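For reference, the structure is listed below as structure tokens.
There are 2 protein chains.
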Amino acid sequence: MDVPIAKNRDVKPEEYAELRRALTLISGKWKLEILWLLYHRPHRFGELLRTINGVTQHMLTRQLRELEADGLVTRTVFAEVPPRVEYGMTDATIALEPAIWALMEWSREFGTPARIAAEAKAARD
Amino acid sequence: MDVPIAKNRDVKPEEYAELRRALTLISGKWKLEILWLLYHRPHRFGELLRTINGVTQHMLTRQLRELEADGLVTRTVFAEVPPRVEYGMTDATIALEPAIWALMEWSREFGTPARIAAEAKAARD
DNA sequence: CTGAATCCTTTTAGATACTG
DNA sequence: CAGTATCTAAAAGGATTCAG
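In order, the protein sequences belong to chains W and P.
Going letter by letter, the first sequence gives residues 1 to 125 in UniProt numbering.
Going letter by letter, the second sequence gives residues 1 to 125 in UniProt numbering.
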């Protein structure tokens, strides 16, 4: 909090695109839940489906495919009957933790609509 | 990096929604550019329009309105002719800096598609 | 058990013209 | 100068059905 970003460096135009891309990678509706569960341990598809409240089979598959394509989860297929698929972390996933943590801290402080509205009002006065 | 989030605490279901909301707040296509410029100093509408490459008047207005509604920018109208409107930071904006910084760090390390793909491949092997 | 295919709704972004 | 009003396009999310 004592380290204003803007005072430290400028941002090149291309970096905005990269930063936006980073946001896109984790902005899927279920991706944070998925990643969080995987931070604890590898999970099977059915485990994720049962654990994540409200997600459909279709959406879970799609979010996992996107995460996999972006290198944020690993997908391991075991040649068994019945089939077993396990999802796990990558180095990129692990490196993402501090950013998620920082966002969660901020969300707890300022993420509440009422609180944010109050802050804005106070700033206007 | 030495502090795995998952090892420290669990996340309540409601917190996922809050975290997703935080992401939504900053996920607009032009919001990061806007916030970054405002971190340096207050800007007028026309200044933002000229400085941010590729944004249209319409989109800039909409993104600013959303940021304002979310308490991430202040909007000050000066009763002058011609009209002058200035946008600035709020406490919530300032508190957001560390999270943006963390995301940008991660993006520089893992945000490149090629790099991410390589990481994923290495993890699979 | 894991997931692909199809169709549909909602959200977000953008282009264009007009205004106090 | 700083917007608003329409309209259109693209992306994201979701329900349902079928399959190795």
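No residue lacks a Cβ here, since even glycine has one placed at the ideal position from N, Cα and C.
Fair warning: this is a prediction, and the values are worked out from it, not measured in the lab.
Collapsed DSSP secondary structure at residue i in the structure displayed
{"i": "E80 (chain P)", "result": "coil"}
{"i": "T74 (chain W)", "result": "strand"}
{"i": "G88 (chain P)", "result": "strand"}
{"i": "R44 (chain P)", "result": "strand"}
{"i": "K31 (chain P)", "result": "helix"}
{"i": "I52 (chain P)", "result": "coil"}
Contacts that residue i makes with chain P (C-beta to C-beta distance below 8 Å)
{"i": "K29 (chain W)", "result": "R20"}
{"i": "L96 (chain W)", "result": "W106 and F110"}
{"i": "A99 (chain W)", "result": "A99, A102, L103, E105 and W106"}
Inter-residue Cα distance where the pair is residue i and residue j
{"i": "R50 (chain W)", "j": "M104 (chain W)", "result": "24 Å"}
{"i": "M59 (chain W)", "j": "T76 (chain W)", "result": "19 Å"}
{"i": "I94 (chain P)", "j": "Y39 (chain P)", "result": "8 Å"}
{"i": "residue 174 (chain P)", "j": "S27 (chain P)", "result": "With chain P represented from 1 up to 125, any question about residue 174 (chain P) goes unanswered, as that position is not in the structure."}
{"i": "T56 (chain P)", "j": "R62 (chain P)", "result": "10 Å"}
{"i": "L72 (chain W)", "j": "L35 (chain P)", "result": "27 Å"}
{"i": "residue 161 (chain W)", "j": "F78 (chain P)", "result": "Here chain W comprises residues numbered 1 to 125, so residue 161 (chain W) is not present and cannot be evaluated."}
{"i": "M1 (chain W)", "j": "D70 (chain W)", "result": "Note that M1 (chain W) scores 49 on pLDDT, short of 50, meaning its location in the model is unreliable; the coordinates nonetheless yield the value given after this. Each residue's alpha carbon lies about 31 Å from the other."}
{"i": "G111 (chain P)", "j": "Y16 (chain W)", "result": "11 Å"}
{"i": "H43 (chain P)", "j": "K31 (chain P)", "result": "14 Å"}
{"i": "W106 (chain W)", "j": "K12 (chain W)", "result": "25 Å"}
{"i": "T74 (chain P)", "j": "L37 (chain W)", "result": "37 Å"}
{"i": "T90 (chain W)", "j": "T90 (chain P)", "result": "36 Å"}
{"i": "P98 (chain W)", "j": "A99 (chain P)", "result": "9 Å"}
{"i": "R21 (chain P)", "j": "R21 (chain W)", "result": "17 Å"}
Contacts that residue i makes with chain W (C-beta to C-beta distance below 7 Å)
{"i": "V11 (chain P)", "result": "W36"}
{"i": "L49 (chain P)", "result": "Near L49 (chain P) there are no residues of chain W at all, since even the closest Cβ is about 16 Å away, more than 7 Å."}
Spatially closest choice to residue i from the options, by CA coordinates
{"i": "P82 (chain P)", "options": "P:T24, P:H40, P:I34 and P:F45", "result": "P:F45"}
{"i": "L67 (chain W)", "options": "W:R108, W:P13, W:L96 and W:W101", "result": "W:L96"}
{"i": "R41 (chain W)", "options": "W:A92, W:Y87 and W:L64", "result": "W:Y87"}
{"i": "D10 (chain P)", "options": "W:W106, W:W101 and W:G111", "result": "W:W101"}
{"i": "E14 (chain W)", "options": "P:R65, P:N53, P:R84 and P:L64", "result": "P:N53"}
{"i": "L48 (chain P)", "options": "P:E109, P:R84 and P:E80", "result": "P:R84"}
{"i": "K29 (chain W)", "options": "P:R65, P:W106, P:K31 and P:L23", "result": "P:L23"}
{"i": "R65 (chain W)", "options": "W:L25, W:E80 and W:A92", "result": "W:L25"}
{"i": "A92 (chain W)", "options": "P:L37, P:R21, P:A92 and P:R108", "result": "P:R108"}
Interface residues of chain W facing residue i [CB-CB closer than 8 Å]
{"i": "R15 (chain P)", "result": "In the sequence under discussion, the amino acid at residue 15 (chain P) is Glu, which differs from the Arg named in the question. Within chain W, the residues near E15 (chain P) are M104, S107 and R108."}
Interface partners of residue i on chain W, CB under 9 Å
{"i": "L23 (chain P)", "result": "L23, I26, S27, L32, L103 and S107"}
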